[in-house]
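Be aware that the sequence shown starts at 1, since it is given in the UniProt record's numbering, and climbs by one per residue.
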Amino acid sequence: MNRAISLFTRCGVPRMAALLPLSSVSMSSSTIAAAGGGRFVSERGVCTTLQRFNAVQELSSALDEEIKAEKELVQDKLGGDSAPSVHGFNISTNGAEVRLTKTHGNEKIVVQVNVNHSVGIEEDEEYEDESSTTEMETESVPVALPHFTISITKKNTSLFFSLEMVKTEEGGFDFTVEEFFIAPAVNGVAKDDIGDEVYSSSGKYIDPKLHDLLFVRYLEERGFSPDFCQQLVSFVTHHEHALYVAFLDSIKKFVAE
């Protein structure tokens with residue numbers, strides 16, 4: 001979803017004139033290229049205090065409606081106010097950043113996620129049979145599918161995986177490895193800043209047997225299974241949505257000042 005185009009489309013109700021057809025926009029003071037439907041150029045009138053007041057009032061009202069709708073979506077589709085858990089991991093957040101940690105034997109495992117720009121819209125479909133007919137009701141539901149990293153650290157060395165979350169054909173979630181590399185650690189802790197001098201290999205070009213052993217079985221033994229992916233998607237979707245509602249509220253307060 002491109003939030004730069006329209007801020008208020010998460011619940012399927014676009015509120016910006018940029019998304020309306022040209023026929024629904026007043027053209028009394030505009031110029032349109034004759035051939036091929038050129039760019040719409042509107043001549044601005046003189047901005048008055050009253051016009052600004054009306055715009056702020058309308059924007060505040062639209063924000064109120066959107067915030068209310070998003071909060072209802074949390075209750076109806078995202079499991080309520082309490083964030084889901086991810087089995088076996090401790091979770092901490094700092095704004096858009098999410099960090100999951102656990103130990104596995106002598107290994108320290110860290111998952112790092114940033115939920116910015118991670119949300120797409122999925123159709124939540126409900127089927128209802130009535131008199132041998134099938135009625136389909138479709139509603140938009142936000143789902144966060146972020147990129148994330150896994151670091152597995154032993155002593156002063158870390159094995160890193162950079163991954164993409166994907167939806168499976170069966171409707172669940174799984175990950176694909178985009179790249180992986182070995183990097184130095186400091187006092188048994190993986191470094192956050194990895195220099196360009198560290199060699200990394202693409203996850204796309206790996207021997208099938210190594211793929212199964214390293215990307216599947218090795219990671220599954222450390223808790224990275226389809227169940228983990230489902231739980232992580234649930235958590236980051238809920239967390240991102242909470243940030244989005246707070247973001248809308250911050251905009252409302254800003255324009256009202």
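Each residue gets a CB set at the ideal place from its N, CA and C atoms; glycine is no exception.
Here the structure is a predicted model, which means the values were calculated and not measured.
**Prompt:** DSSP on H241, reduced to helix/strand/coil?
**Reply:** As a working mapping, residue 241 is identified with position 241 in the sequence shown. Helix at H241.
**Prompt:** S200 and E179 look like a contact to me (Cβ under 8 Å); what is the Cβ gap, rounded to whole Å?
**Reply:** The sequence position of residue 200 within the sequence shown is 200, counting from 1. The sequence position of residue 179 within the sequence shown is 179, counting from 1. So it is a contact: roughly 5 Å between Cβ atoms.
**Message:** Contact between the stretch 217–229 and the stretch 185–194 is defined here as three or more beta-carbon pairs at a separation below 8 Å; is this criterion met?
**Reply:** no
**Asked** Name the DSSP beta bridge partners of E72, please?
**Response** Here the question's residue 72 lines up with position 72 in the sequence shown. Secondary-structure assignment with DSSP links E72 through no beta bridge to anything.
**Top-ranked residue by Cα proximity to G120, from T168, V141, H147, V189** = On the sequence shown, position 120 is the one that residue 120 refers to. Looking at T168, V141, H147, V189, the one whose alpha-carbon comes closest to that of G120 is V141.
**Asked** Apart from the five residues on each side of it in sequence, which residues of its chain come closer than 8 Å, Cβ to Cβ, to V86?
**Response** The residue given as residue 86 occupies position 86 in the sequence shown. Counting only Cβ-Cβ distances below 8 Å, and skipping sequence neighbours, we find L100, F228, Q231, L232, F235.
**Message:** Measuring only the C-alpha atoms, how far is S82 from H147?
**Reply:** As a working note, residue 82 is residue 82 in the sequence shown. As a working note, residue 147 is residue 147 in the sequence shown. The C-alpha of H147 is placed about 23 Å away from the C-alpha of S82.
**Asked** Near V198, what residues of its chain come up, given a Cβ to Cβ distance below 7 Å and the 5 sequence neighbours on each side ignored?
**Response** Here residue 198 refers to the residue found at position 198 of the sequence shown. Once the five neighbours on either side are set aside, the close Cβ partners of V198 are F181, A183.
**Request:** Put P146 into one of helix, strand or coil per three-state DSSP.
**Result:** Position 146 of the sequence shown, counted from the start, is the residue given in the question as residue 146. P146 falls in the coil class under three-state DSSP.
**Request:** Identify whether L210 lies in helix, strand or coil by the three-state DSSP scheme.
**Result:** Position 210 of the sequence shown, counted from the first residue, corresponds to residue 210. L210 falls in the helix class under three-state DSSP.
**Asked** In angstroms, rounded to a whole number, what distance separates the CA positions of K102 and A256?
**Response** Within the sequence shown, numbered from 1, the residue matching residue 102 stands at position 102. Within the sequence shown, numbered from 1, the residue matching residue 256 stands at position 256. Rounded to the nearest angstrom, the two C-alpha atoms are 44 Å apart.
**Request:** Could you name the residues of the same chain whose beta carbon sits closer than 6 Å to that of V56, not counting the 5 residues immediately before and after it, in chain order?
**Result:** If you number the sequence shown from 1, residue 56 lands on position 56. Answer for V56: V255, listed in chain order.
**Request:** Please check the pair K154 and N106, which I expect to be a contact at CB under 8 Å, by giving their CB distance rounded to whole angstroms.
**Result:** By one-based count along the sequence shown, residue 154 stands at place 154. By one-based count along the sequence shown, residue 106 stands at place 106. Yes, K154 and N106 are in contact; Cβ-Cβ is about 6 Å, under 8 Å.
**Asked** Is the beta carbon of I121 within less than 8 Å of some heavy atom of the ligand MN?
**Response** Of ligands this structure carries none, so the ligand MN is not represented either.
**Message:** Taking the beta carbon of F161 as the centre, do at least 16 other beta carbons fall within 10 Å, making it buried, or is it exposed?
**Reply:** Walking along the sequence shown from the start, residue 161 turns up at place 161. Under this definition F161 is a buried residue.
**Backbone CA spacing between E164 and E65 [nearest angstrom]** = Locating residue 164 in the sequence shown gives position 164, where the first residue counts as 1. Locating residue 65 in the sequence shown gives position 65, where the first residue counts as 1. Cα to Cα, the separation comes out at about 34 Å.
**Between the CA atoms of S118 and G172 - distance to the nearest angstrom** = Walking along the sequence shown from the start, residue 172 turns up at place 172. Walking along the sequence shown from the start, residue 118 turns up at place 118. One C-alpha to the other measures close to 17 Å.
**Request:** Using three-state DSSP, classify V110 as helix, strand or coil.
**Result:** Looking up residue 110 in the sequence shown gives position 110. V110 falls in the strand class under three-state DSSP.
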